[in-house]
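For any residue, its number in the numbering used here is found by taking its place in the sequence shown, counting from 1, and adding 10. Comments concern the structure below.
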Amino acid sequence: MTIYATQNQWGGNSAPWHDGGLLSIGNRADQNPIALQIQSGDGGKSFTGTMTYEGEGPIGVRATLVTTNCYQVENQWGGSSAPWHDAGLFLLGARNGQNAVAFDLKSSDGGQTITGTMTYAGEGPIGVKGSVSSGTGFDATNQWGGNSAPWHQGGLWVLGCRPDQPVVALDISSADNGRTLTGTMTYSGEGPIGFKATQTMADTYSVLNQWGGDQAPWHDGGVWVIGCRGTQGVVAVKATGSGNGLSGTMTYAGEGPIGLNLVPAVSEALAEA
């Protein structure tokens, strides 16, 4: 899938750029998006429009809000009467309590970077620039009520910063309702390393890692998305895996632990389109 670390600009071409969080706007394993033109007529509850993957023409997009900034997306090609195909989950926006309502993004370098504008509800268009993130996207599901209870959509998570070395364990917790998280994580082929994260936007964290002992320096660990409830922060995650997803438990502020399953987010329908 294609995830972009973005910045936003408002106030004119010479104004400063601000952290815009992560956008996920494509779910094909080896084909980046190069354009996205979508609009919402209902305050960000749904979107319609078009997108373009590298080497193709525009295809239809329709998206429905699942949880904070996370949308279930379908694509259509072959005309207005053609079937719609599952396109997986997209992250469209990164603010708490303020949905995006329009995107007009393009790439001139095969999808490695994107530029254009986006609009949040109640505002005018603001500038966007983004570059491909090294994080890995996961479709999350949660379970509560016992082992036979149903699983529920848990949003699109983004973990790690090493594209060829998957995260295989997380053991993190928060003492401040999810504003910060600390603990350990493990990349495939290694032992646990230190983890600390600071919330920057809705469900979005700036991560640092430490190895070599308590006095060793901290290193940039990328931008992660953990959870999907915006104002209800994640206060614990304990999960393990073998390199193709993670499973375990998580806890939202004010609740007890619930089941967690994370599966790599690549739409098979799109991958084979």
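For each residue, glycine too, the CB sits at the ideal point set by N, CA and C. Please read all numbers here as calculations on a predicted model, not as lab measurements.
**Asked** Is Ala263 near Val276, with beta carbons less than 8 angstroms apart?
**Response** It is not a contact, given that the beta carbons lie outside the stated cut-off.
**Message:** Short of 7 angstroms in beta carbon distance, which residues of its chain neighbour Cys171, apart from the five on each side in sequence? Order them along the chain.
**Reply:** In its chain, beyond the 5 residues on either side, Ser144, Gly145, Gly231, Gly232 have a beta carbon closer than 7 angstroms to the beta carbon of Cys171.
**Terminal residues of the beta strand (DSSP E) in which Ala73 lies** = Residues 68-77.
**Prompt:** Leaving out five residues before and five after Val76 in sequence, what residues of the same chain have Cβ atoms less than 6 angstroms from its Cβ?
**Reply:** So the qualifying residues of the chain are Gln82, Gln163.
**Local conformation of Pro267 per DSSP, three classes** = DSSP places Pro267 outside both helix and strand once states are collapsed to three, so it counts as coil.
**Prompt:** Quick one: what's got a C-beta closer than 6 angstroms to Gln47's C-beta in the same chain, skipping five residues either side?
**Reply:** Excluding positions up to five away in sequence, the list reads Gly59, Thr60, Asp114.
**Message:** Going by DSSP, what residue range makes up the beta strand (DSSP E) through Asn85?
**Reply:** First-last of the beta strand (DSSP E) with Asn85: 80-86.
**Prompt:** Applying the criterion that 16 or more other CB atoms from any shown protein chain within 10 Å of the CB defines a buried residue, is Asn157 buried or exposed?
**Reply:** It counts as exposed.
**Item:** Local conformation of Leu218 per DSSP, three classes
**Value:** The answer is strand: DSSP assigns Leu218 an E or B state.
**CA-to-CA distance, Thr74 to Ala131, given in whole angstroms** = In a straight line, the C-alpha of Ala131 is about 16 angstroms away from that of Thr74.
**Prompt:** What are the boundary residues of the beta strand (DSSP E) that includes Met211?
**Reply:** Unbroken beta strand (DSSP E) run through Met211: 203-211.
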